[in-house]
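Presented below is the structure to which this report refers.
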Amino acid sequence: MSSLTTNGVAKYGARATAILHRTPWRPPVASSAQGIYITLEDGTQIIDAVGGAAVSCIGNGHPAVKQAIKDQVDKVSYVYNMQLSNEPAEELAHNLIASSKGAFDLVGFVSGGSEAMEGVLKTARQYFYETGQPQRRRFIARQLSFHGNTLATLGLAYHPTRRAPYAPLLDTETFHHVSPAYAARFQRKDETEEQYVERLRKELEDKFIELGPDTIIGFVAETVVGATTGVVAAPKGYFKAVKSVCDKYGALFILDEVMSGMGRMGTLHAWESFGDGVSPDLQAVAKGLGGGYASIGAVLVSKRVADGLRDASGFWKHGHTYQAHPIACAAALAVQKVIAEEKLLENVAVQGPRIEAQLRARLTGPNARAAPFVWDIRGGGAWWAVEFDFENEEARARGYEGKTFGFDVQAKALENGAVVMGFMGGSSLDGLKGSHCMLSPAYNVTAEEVDKIVDIFVKSVEQVLAENGL
Ligand SMILES: Cc1ncc(COP(=O)(O)O)c(C=O)c1O
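Numbering (this note's numbering), first residue to last: 880 to 1349.
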């Protein structure tokens, strides 16, 4: 039993549940929530420092979003989008196109991140199928990536532990992989940033040539990598370089901004600030779109792909029953209006650097207990990660390997009153090494809340270190 299991059961008890949970114990039940505060069934109030999983971008209970959802229930709760469209879906699509500064021309709605990525894959294939290149049938993505939990998106991505049980079911003919763009771990000591980018560009081009350039549908990447390595942005120039390979061979350049998009990195689209300003041919968004008020994701379609489809079948050959759900679209539209009207990205521009400065000071400053074990602090906007490393003298002297450190900090932080996310396995290609923790508060987080979040997080890190004799 891992220490997290022990902690979880000890604190919250192995109470009866009929849910097939994603944890070996029943998580505490949230009874109410307002802003970034959540009240549990026993009355304990905790602060949500990660917006669930980088989802709740304006916190819970925003009056404008609540009202929009209520109004929509009163008007139209459901129509099926092969028969009828609906007002909030039409308006949300216009909103997403207008805010993209020309990057996108059409929008397809789905119900979440994995569905958005499935939609991206199928739209990309439909584009070539209908524009006279049906031989294009392969995707290239990256190791240490995550694109969702369906079979296709698990096969597309390379998250070693999440895919392992399903490996025999995954399609290795369609999905291929190249190296991650993760300088802190994989840039060689004798390499400049430009040389590292060129090495990655060449690896991608070699992969195109190996597989047959005219069989490639597209190259797929998270603009900023989330669940595997923890808020890892690519080196400068990387996205320009990989886009040039796609362009050379006529393939699509595809971004997964399910986690990093819709304002999380401080710009509406992460590629505007962390992707060399290079807009993709297709993009998936989800979490920050509905901000947790409803299950929604979207496929954003560039003019190139939109024109291709318009000149051919003219419609999306991809459907789910709940696509463009009126209530989900009304909620997402209201969330996007709140972000714009309350100028929340301006708040992110202030609070993001505050999170970073405090993490650096408290975790790596003089007398910081955690300093010897902090490998990297990174991020941007309202999304930050701390990667820990225990391959050093201090840890070895205590016989501590830190194998579950990320989870242990997550459990400790929950005991201390904050939800943070801990991960393992992001530091090596086999997914067996590494521990990191993520903070991704709502865009309307205040300075006081930032201080509180960092305080609880650092305290939790130090407690777990102390419990292990460090
Ligand atoms: C980059 C990325 N893509 C896709 C997904 C899958 O989204 P969902 O969990 O909504 O299916 C996630 C979820 O964390 C993600 O981070």
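Just so it is clear, CB atoms sit at the ideal spot from N, CA and C, and this is done for glycine as well. Being a predicted model, the structure only gives us computed values, none of them experimental.
| Going by DSSP, what residues sit across from Val1315 in a beta bridge? | The residue asked about is misnamed: residue 1315 is His in this sequence, not Val. In DSSP, His1315 forms a bridge with Glu1266, Phe1302.
| Is Gly1348 near ligand 1, with its Cβ less than 7 Å from a heavy atom? | Flag unset: Cβ of Gly1348 not near ligand 1.
| said: I need the straight-line Cα distance from Ala1228 to Gly1145, nearest angstrom please. | reply: A straight line joining the alpha-carbon of Ala1228 with that of Gly1145 spans about 6 Å.
| Mind checking whether Val1298 and Ile925 have CB atoms under 8 Å apart? | The answer is yes: Cβ separation under 8 Å.
| query | Going by the CB atoms, is the gap between Leu1179 and Val1157 shorter than 8 Å? | reply | Judged by their CB atoms, Val1157 and Leu1179 are not nearer to each other than the 8 Å cut-off.
| message | Going by the DSSP bridge assignment, what does Asp926 pair with across the sheet? | response | Inspection of the sequence shows that residue 926 is occupied by Ile rather than by Asp. In DSSP, Ile926 forms a bridge with Tyr916, Ala1297.
| message | Does the distance between the C-beta of Phe1025 and the nearest non-hydrogen atom of ligand 1 fall short of 7 Å? | response | True, at least one ligand heavy atom lies under 7 Å from that Cβ.
| task | On a CA-only basis, which of Lys1338, Pro1039, Leu1048, Val1103 is nearest Ala1060? Give me that one, please. | result | Of Lys1338, Pro1039, Leu1048, Val1103, the smallest CA-CA separation from Ala1060 is found for Val1103.
| If you draw a straight line from the alpha carbon of Leu883 to that of Pro903, how long is it in whole angstroms? | Confidence is the limiting factor: at Leu883 the pLDDT is only 37, short of 50, which leaves the residue's position unreliable and the question unanswerable from this model.
| task | Confirm the yes/no value for this check: CB of Gly1305, any heavy atom of ligand 1, distance under 7 Å. | result | In this structure, Gly1305 has its CB at a distance of at least 7 Å from all heavy atoms of ligand 1.
| Measuring from the CB of Asp1334, is there a heavy atom of ligand 1 at a distance below 7 Å? | Flag unset: Cβ of Asp1334 not near ligand 1.
| message | Taking the alpha carbon of Glu1253 as the reference point, which residue from Gly1281, Arg1277, Gly1231 has its own alpha carbon closest? | response | Looking at the sequence itself, residue 1253 is Val, so the reference to Glu does not match. Its Cα nearest to that of Val1253, the residue Gly1281 stands out among Gly1281, Arg1277, Gly1231.
| query | With contact counted as at least three CB pairs below 8 Å, one residue from each stretch, are the stretch 1165 to 1177 and the stretch 1198 to 1207 in contact? | reply | The stretch 1165 to 1177, when compared against the stretch 1198 to 1207, does touch it at the 8 Å Cβ threshold.
| message | Is it buried or exposed, Val908, if we count other Cβ atoms within 10 angstroms and call 16 or more buried? | response | The residue in question, Val908, is exposed, as its Cβ has fewer than 16 Cβ neighbours within 10 Å.
| request: Let me know the secondary structure DSSP gives Ile1019 once reduced to three states. | output: Secondary structure at Ile1019: strand, using DSSP grouped into helix, strand and coil.
| said: I need the DSSP call for Phe1132, collapsed to helix, strand or coil. | reply: Strand at Phe1132.
| Stretch pair the stretch 1106 to 1125 + the stretch 1250 to 1269: three plus CB contacts closer than 8 Å | The stretch 1106 to 1125 is in contact with the stretch 1250 to 1269.
| query | Short check: CB of Ala1211 to CB of Leu971, under 8 Å? | reply | When the beta-carbon positions are compared, Ala1211 and Leu971 come within less than 8 Å of each other.
| Do Phe1098 and Val1076 come within 8 Å of each other at the CB atom, strictly closer than that value? | Remark: C-beta atoms of Val1076 and Phe1098 do not approach each other more closely than 8 Å.
| said: Quick check: does the Cβ of Ala1106 come within less than 7 Å of any heavy atom belonging to ligand 1? | reply: The answer is yes for Ala1106.
| How would you write the range of the beta strand (DSSP E) that His1056 sits in, first residue to last? | Its beta strand (DSSP E) spans residues 1054 to 1057.
| request: Grab the span of the alpha helix (DSSP H) containing Trp1254 for me, first residue to last. | output: No alpha helix (DSSP H) contains Trp1254, which is instead part of the beta strand (DSSP E) from 1253 to 1259.
| said: Please determine whether the Cβ atom of Glu997 lies at a distance below 7 Å from any heavy atom of ligand 1. | reply: Not under cutoff, so the answer is no.
| message | In chain order, what are the residue ranges of uninterrupted beta strand (DSSP E) at least 3 long that sit wholly in the stretch 1169 to 1235? | response | Taking only runs of at least 3 residues, the beta strand (DSSP E) segments lying wholly in the stretch 1169 to 1235 are 1176 to 1180.
| message | Could you compute how far the alpha carbon of Ala1207 sits from the alpha carbon of Ala1247? | response | About 45 Å.
| request: May I ask you to check if the CB of Glu1266 is nearer than 7 Å to at least one heavy atom of ligand 1? | output: For ligand 1, not one heavy atom lies less than 7 Å from the Cβ of Glu1266.
| request: Could you have a look at Ala1003 and say whether DSSP puts it in helix, strand or coil? | output: The DSSP-derived three-state label of Ala1003 is helix.
| Between which two residues does the beta strand (DSSP E) carrying Glu1101 extend? | Here the beta strand (DSSP E) through Glu1101 covers 1095 to 1101.
| task | Tell me whether Ser910 sits in a helix, a strand or coil according to DSSP, three-state version. | result | For Ser910, the secondary structure class from DSSP, reduced to helix, strand or coil, is strand.
| Since Gly987 is in the beta strand (DSSP E), which residue starts that stretch and which ends it? | Boundaries of the beta strand (DSSP E) harbouring Gly987: 985 to 989, taken from the DSSP string.
| request: Let me know the secondary structure DSSP gives Val1324 once reduced to three states. | output: Val1324: coil per DSSP, three-state reduction.
| Under 7 Å from any heavy atom of ligand 1, does the C-beta of Phe991 make it? | The sequence shown places Gly at residue 991, rather than the Phe named in the question. Yes, since a heavy atom of ligand 1 falls inside the 7 Å radius drawn around the Cβ of Gly991.
| message | Rounding to the nearest angstrom, what Cα-Cα distance links Glu1070 and Arg1080 in this structure? | response | Put simply, the backbone Cα of Glu1070 is about 14 Å away from that of Arg1080.
| request: Could you have a look at Ser956 and say whether DSSP puts it in helix, strand or coil? | output: Note: Ser956 maps to coil in three-state DSSP.
| Same chain only: Cβ atoms within 6 Å of Val1337, ignoring 5 sequence neighbours per side | Once the five neighbours on either side are set aside, the close Cβ partners of Val1337 are Arg1241.
| request: Taking 8 Å as the cut-off, decide whether the C-beta atoms of Gln1230 and Val1333 are in contact. | output: No, these two residues do not count as a Cβ contact at 8 Å.
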